[in-house]
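Data first, discussion second: the structure below is written as structure tokens.
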Amino acid sequence: MEYDWLGFGYAALVAAGGVVGYAKAGSVPSLAAGLLFGGLAGLGAYQQSKDPKNVWLSLVASGTLSAVMGMRFYNSRKAMPGIVAGASLLMVGRLGLQIMEKPLKP
Numbered sequence: 055m056e057y058d059w060l061g062f063g064y065a066a067l068v069a070a071g072g073v074v075g076y077a078k079a080g081s082v083p084s085l086a087a088g089l090l091f092g093g094l095a096g097l098g099a100y101q102q103s104k105d106p107k108n109v110w111l112s113l114v115a116s117g118t119l120s121a122v123m124g125m126r127f128y129n130s131r132k133a134m135p136g137i138v139a140g141a142s143l144l145m146v147g148r149l150g151l152q153i154m155e156k157p158l159k160p
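Just so we're aligned: the sequence shown equals residues 55 to 160 in this note's numbering.
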């Protein structure tokens, strides 16, 4: 079984973003959302490690985060929402390419 290390790294980044938001501003919603979406992204990476075509949970988590954090970055111009939004957009692109990949014929 090949692990989706990029997906696990993304999940860790999202969870770390929630922890940083809590540590810097005392934002409990940021902590909760970071841990929730980090956990979902981690579960999606685990599912994708088991079956490389099972990208749907990762796609939903990263797509939602790219929209939400993109709006937060647009309104605040703070670094952490921009980093998470950028990483989420890259994950959406990566997962989209994996969906469009044609299976190899034997």
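Just so you know, even glycine gets a beta-carbon here, dropped at the ideal spot from N, CA and C.
Item, Value
"Close Cβ partners of S81 (< 8 Å) along its chain, the five nearest in sequence each way excluded", "G75"
"Of the residues A86, A87, V109, the one placed nearest L97, counting alpha carbons only", "V109"
"From Y128, M123, G61, G71, residue whose alpha carbon lies closest to that of Q102", "G61"
"Contiguous alpha helix (DSSP H) assignments of at least 4 residues, all confined to the stretch 109 to 149", "110 to 130"
"Sequence-distant residues of the same chain with beta carbon closer than 6 Å to G136, five excluded per side", "F127"
"Local Cβ density within 10 Å of Y57, reported as buried at 16 or more and exposed below that", "exposed"
"Pair within 8 Å by beta-carbon distance, G72 and G92", "yes"
"Distance, L111 Cα to Y100 Cα", "10 Å"
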